[in-house]
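Just so you know, this note's numbering puts 1279 at position 76 of the sequence shown, and the rest follows in order with no gaps.
In this text, a Cβ means the ideal position worked out from N, Cα and C, and glycines have one as well.
What follows is a set of notes on a single structure, which appears directly below.
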Amino acid sequence: MAETPAADVHPPYLYPDYKSTRLRAPAQPLVRVAPSPLDTAGPTFPKHFVKDSEADLTTWGKSAPLGEKMVLVGRVLDEDGRPVRRSLVEVWQANASGKYPHPVDDHEAPLDPNFLGKGQVLTDDKGRYRIVTVKPGAYPWQNHAFGWRPAHIHFSLFGNAYAQRLITQMFFPGDPLLAIDPIFQSVPEAGRRLLIADLDLEHGVEGVALGYRFDMVLRGPRATPMGV
Ligand SMILES: [Fe+2]
1204 MAETPAADVH
1214 PPYLYPDYKS
1224 TRLRAPAQPL
1234 VRVAPSPLDT
1244 AGPTFPKHFV
1254 KDSEADLTTW
1264 GKSAPLGEKM
1274 VLVGRVLDED
1284 GRPVRRSLVE
1294 VWQANASGKY
1304 PHPVDDHEAP
1314 LDPNFLGKGQ
1324 VLTDDKGRYR
1334 IVTVKPGAYP
1344 WQNHAFGWRP
1354 AHIHFSLFGN
1364 AYAQRLITQM
1374 FFPGDPLLAI
1384 DPIFQSVPEA
1394 GRRLLIADLD
1404 LEHGVEGVAL
1414 GYRFDMVLRG
1424 PRATPMGV
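Rendered as structure tokens:
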């Protein structure tokens, strides 16, 4: 099993207020394994693996999805601040009503036939990515009484080496639900700010879409925390 994540930024495996961690946290001490070639080499994705259209989650249906359209830009950097190039960034999210098109989502909210809520993009030579979507809605969950998840977008990144793998969630600035979200609160305070996007109007589309920025760092002291 992998080394314990750095305690200062990443959430602990066990955070009792986040119920799922009670079941999935390792019950035995972790075993340190020898470094392998996979720590320094990882999956590479040819350019044609991802279609340009997959970076725009708003053009999947017959017409535009409901909700507040947004453009999300950012850079993916390694622990030394170098761009992570041509690396796969996958996103998934609820629709503007806080509903996933998934059979186990029993939230009483409407599906949007024009929104599937998933996309992917490869970073460019400067480590940049750009995604067009709608702002996801908050949704209730069964973790605790009156629990609601703050609006969030899920991210999965492969980086350029398996040791850079990151699965996390991006949140929105000023959301009052952050204070009652055990997933967000399980991240040590020093890391929480790194999971909140910045408003970035100039990267939006005038009169059409709000712009947000969310940079991610894979490993190192400034690493973006895991959020699963
Ligand atoms: Fe979610």
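(message) So, under 8 Å CB-CB, residue 1368 and residue 1276 are touching, yes? Tell me the CB distance rounded to an integer number of Å.
(response) Wrong, their Cβ atoms sit about 22 Å apart, outside the cutoff.
(message) Using CA atoms only, rank isn't needed, just tell me which of 1402, 1393 and 1361 is closest to residue 1377.
(response) 1402
(request) Pull up the distance between the alpha-carbon of residue 1289 and that of residue 1379, whole angstroms please. (result) 35 Å
(request) Pick helix, strand or coil for residue 1407, following the three-state DSSP scheme. (result) coil
(message) Need the endpoints of the beta strand (DSSP E) that residue 1334 sits in, please.
(response) Per DSSP, residue 1334 belongs to the beta strand (DSSP E) from 1331 to 1337.
(request) Enumerate in chain order the residues of its own chain whose CB-to-CB distance from residue 1431 is below 6 Å, with the five nearest sequence positions on each side excluded. (result) 1370
(request) Along the alpha helix (DSSP H) that carries residue 1320, what are the first and last residues, could you check? (result) Unbroken run through residue 1320: none, as it is neither H nor E.
(request) Kindly give me the distance between the Cβ atoms of residue 1428 and residue 1397, rounded to whole angstroms, as I take these residues to be in contact under 8 Å. (result) 6 Å between Cβ atoms; contact.
(request) With a threshold of 16 other CB atoms inside 10 Å of the CB of residue 1518, please say whether the residue is buried or exposed. (result) In the structure as shown, the chain begins at 1204 and stops at 1431. Residue 1518 is therefore absent and cannot be evaluated.
(request) Measure from the alpha carbon of residue 1260 to the alpha carbon of each residue in 1339, 1354 and 1405, then state which is nearest. (result) 1339
(request) Go ahead and pull the three-state DSSP assignment for residue 1379. (result) Secondary structure of residue 1379 (DSSP, three-state): helix.
(request) Look at the alpha carbon of residue 1269 and the alpha carbon of residue 1220, and state the distance between them as a whole number of angstroms. (result) 33 Å
(message) I need the boundaries of the alpha helix (DSSP H) containing residue 1225, first residue and last residue.
(response) 1223 to 1227
(request) Excluding the 5 residues preceding and the 5 following residue 1373 in the sequence, name in chain order all residues of the same chain whose CB lies nearer than 7 Å to its CB. (result) 1355, 1356, 1358, 1398, 1400 and 1417
(message) Rounded to whole angstroms, what is the Cα-Cα separation between residue 1214 and residue 1386?
(response) 9 Å
(request) Could you pull out every residue in the same chain whose Cβ sits closer than 7 Å to the Cβ of residue 1411, ignoring the five residues on either side in sequence? (result) 1272
(request) Determine the DSSP secondary structure at residue 1207, reduced to helix, strand or coil. (result) Because the pLDDT of residue 1207 is 47, which lies under 50, any placement of that residue in the model is unreliable, and the question is left without a value.
(request) Using the Cα positions of residue 1246 and residue 1420, report the straight-line distance between them to the nearest angstrom. (result) 18 Å
(message) Using only the alpha-carbon positions, how far apart do residue 1311 and residue 1317 sit?
(response) 18 Å
(request) Determine the direct distance from the alpha carbon of residue 1332 to that of residue 1207, and round the result to whole angstroms. (result) Here residue 1207 scores only 47 on pLDDT, less than 50, and its place in the model is too uncertain to base an answer on.
(request) With a 10 Å radius around its C-beta and 16 neighbouring C-beta atoms as the bar for buried, classify residue 1307 as buried or exposed. (result) exposed
(request) Return the residue from the list 1363, 1335 and 1391 that minimises the CA-CA distance to residue 1243. (result) 1363
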